[in-house]
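K.L.:
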Amino acid sequence: MLMPKRTKYRRPHRVSFEGKSKGKNVIANGNHALVAKEGAFITNKQIEAARIAMTRYMKRTGKVWINIFPHLSLTKKPLEVRMGSGKGSPEEWVAVVKTGKVLFEVKDTTNSSKVEMEALRLASHKLPIKTKIVKKGAEV
């Protein structure tokens, strides 16, 4: 699973995913991209599931770029524990995604846009947010 090798703090403050994305809102590598239409936390398992869905559909004819990484740890206290006594231990790692951020980019070596769009459509079903597929050069 995706997670940072080391972090400065084990239990950081919760970050807001409201508002528009400031960076990574331009298609840099691929021909088509999956863009977030709303903000959310996306877990490392969801990113991996989307990656597997795309690579299995495209087989060896395409390349996938992942533009998000789960840097933030979310904590959780154990079940049936009384309130207080500090913050819980890290439970999972999430990527903070804001509106307009490019999540995944794909490029097919056979230049088939149908294959690229279908791969991104399959990946979008694995994510907990609304997304749209954008062609390179179009407005994100």
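Everything in the sequence shown is counted per full-length UniProt numbering, starting at 1 for the first residue and increasing by one. Here a beta-carbon is modelled for each residue, glycine too, at the ideal position from N, C-alpha and C.
#1: Rank K136, K135, L127 and S89 by C-alpha distance to the C-alpha of R54 and give the top, closest one.
#2: Taking only the alpha-carbon atoms, compute the straight-line gap between F104 and M1 and give it to the nearest angstrom.
#3: Report yes if the C-beta distance between I129 and E48 is below 9 Å; otherwise report no.
#4: Starting from I42, trace the beta strand (DSSP E) both ways and give me its first and last residue.
#5: For the alpha helix (DSSP H) containing S112, list its first residue and its last residue.
#6: Could you pull out every residue in the same chain whose Cβ sits closer than 7 Å to the Cβ of R56, ignoring the five residues on either side in sequence?
#7: Contact defined as beta carbons within less than 8 Å: I believe E116 pairs with N25. What is the distance between those atoms, to the nearest angstrom?
#8: Select from P78, N29, A95 and K77 the residue whose C-alpha is nearest the C-alpha of G137.
P.N.:
With the given structure in hand:
#1: As a first step, residue 54 is located in the sequence shown; it is residue number 54 there, counting from the start. Note that residue 54 is Met in the sequence shown here, rather than Arg. Of the listed residues, the one whose Cα sits closest to M54 is L127.
#2: Position 104 of the sequence shown, counted from the first residue, corresponds to residue 104. Position 1 of the sequence shown, counted from the first residue, corresponds to residue 1. Their backbone Cα atoms lie some 17 Å apart in a straight line.
#3: Taking the sequence shown and counting its residues from 1, the one referred to as residue 129 is at position 129. Taking the sequence shown and counting its residues from 1, the one referred to as residue 48 is at position 48. No, these two residues do not count as a Cβ contact at 9 Å.
#4: Residue numbering aside, residue 42 sits at position 42 when the sequence shown is read from its first letter. It spans A40 to T43 - the beta strand (DSSP E) in which I42 sits, taken as one unbroken run.
#5: In the sequence shown, the residue the question calls residue 112 occupies position 112. No alpha helix (DSSP H) holds S112; DSSP gives it neither H nor E.
#6: Translated into positions along the sequence shown, residue 56 becomes position 56. Correct list: empty, nothing qualifies.
#7: Sequence index remark: in the sequence shown, residue 116 carries index 116 (1-based). Sequence index remark: in the sequence shown, residue 25 carries index 25 (1-based). That pair is no contact at about 19 Å.
#8: Translated into the one-based positions of the sequence shown, residue 137 becomes position 137. Checked all of P78, N29, A95 and K77; the closest Cα to G137 is N29.
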